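K.L.:
Before we start, here is the structure in question, set down as structure tokens.
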Amino acid sequence: GGLAFAGFSSLMGVLCYGGTLVAKGHLSVGALTSFVMYSATVGLGFSGLSQLQGEMMKAVSSAERVFEVIDRLPDVDQHAGETLPEVKGRMELRNVHFQYPSRPDALVLAGATLILEPE
Numbered sequence: 024g025g026l027a028f029a030g031f032s033s034l035m036g037v038l039c040y041g042g043t044l045v046a047k048g049h050l051s052v053g054a055l056t057s058f059v060m061y062s063a064t065v066g067l068g069f070s071g072l073s074q075l076q077g078e079m080m081k082a083v084s085s086a087e088r089v090f091e092v093i094d095r096l097p098d099v100d101q102h103a104g105e106t107l108p109e110v111k112g113r114m115e116l117r118n119v120h121f122q123y124p125s126r127p128d129a130l131v132l133a134g135a136t137l138i139l140e141p142e
């Protein structure tokens with residue numbers, strides 16, 4: 024975007040001004056080339072830093088969201104309800120389909136079957 028435009032514009036300015044200095048004999052072609060290469064190296068480093076800063080901001084935002092989810096209290100009381108004294112038999116779920124209410128077009132389970140048998 025704007026940073027790349029500014030970098031290329033400054034490179035063109037350096038090449039134009041450096042070209043006039045080379046034409047007048049005040050600067051060698053090698054010195055101009057070295058300066059342009061060093062400038063490009065420094066510019067790419069700063070460009071990488073700006074990208075890194077953007078990625079760090081995304082990471083911090085994502086981490087905040089993860090911790091919000093981790094710290095969330097469940098709506099259901101985990102200690103309510105009764106424990107069955109003894110369970111005998113077999114449990115079978117056949118052809119189970121499930122999707123979340125917020126995404127009815129995306130099936131999570133499609134025709135799943137589960138059989139639980141005692142040992």
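Yeah, the sequence shown ends on 142 if you go by the numbering used here, and it's all consecutive.
Idealized CB from N, CA, C, for every residue including glycine.
In this text the structure is predicted, and so the values were computed from the model without any measurement.
Please confirm whether Leu38 and Leu44 have their CB atoms less than 8 Å apart.
P.N.:
It is not a contact, given that the beta carbons lie outside the stated cut-off.
K.L.:
Looking at the structure shown, is Gln76 part of a helix, part of a strand, or coil, going by DSSP?
P.N.:
Correct three-state label for Gln76: helix.
K.L.:
Could you work out which residue in Pro127, His120, Pro141 is closest to Ala135 when comparing CA atoms only?
P.N.:
For Ala135, the nearest C-alpha among the options comes from His120.
K.L.:
Please determine, among Leu132, Gly30, Phe31, Ala27, the residue with the shortest C-alpha to C-alpha distance to Arg117.
P.N.:
The shortest C-alpha separation from Arg117 is found at Leu132.
K.L.:
I think Gly66 touches Gly42, with their Cβ atoms under 8 Å apart; what is that distance to the nearest whole Å?
P.N.:
About 19 Å separates the two Cβ atoms, so there is no contact after all.
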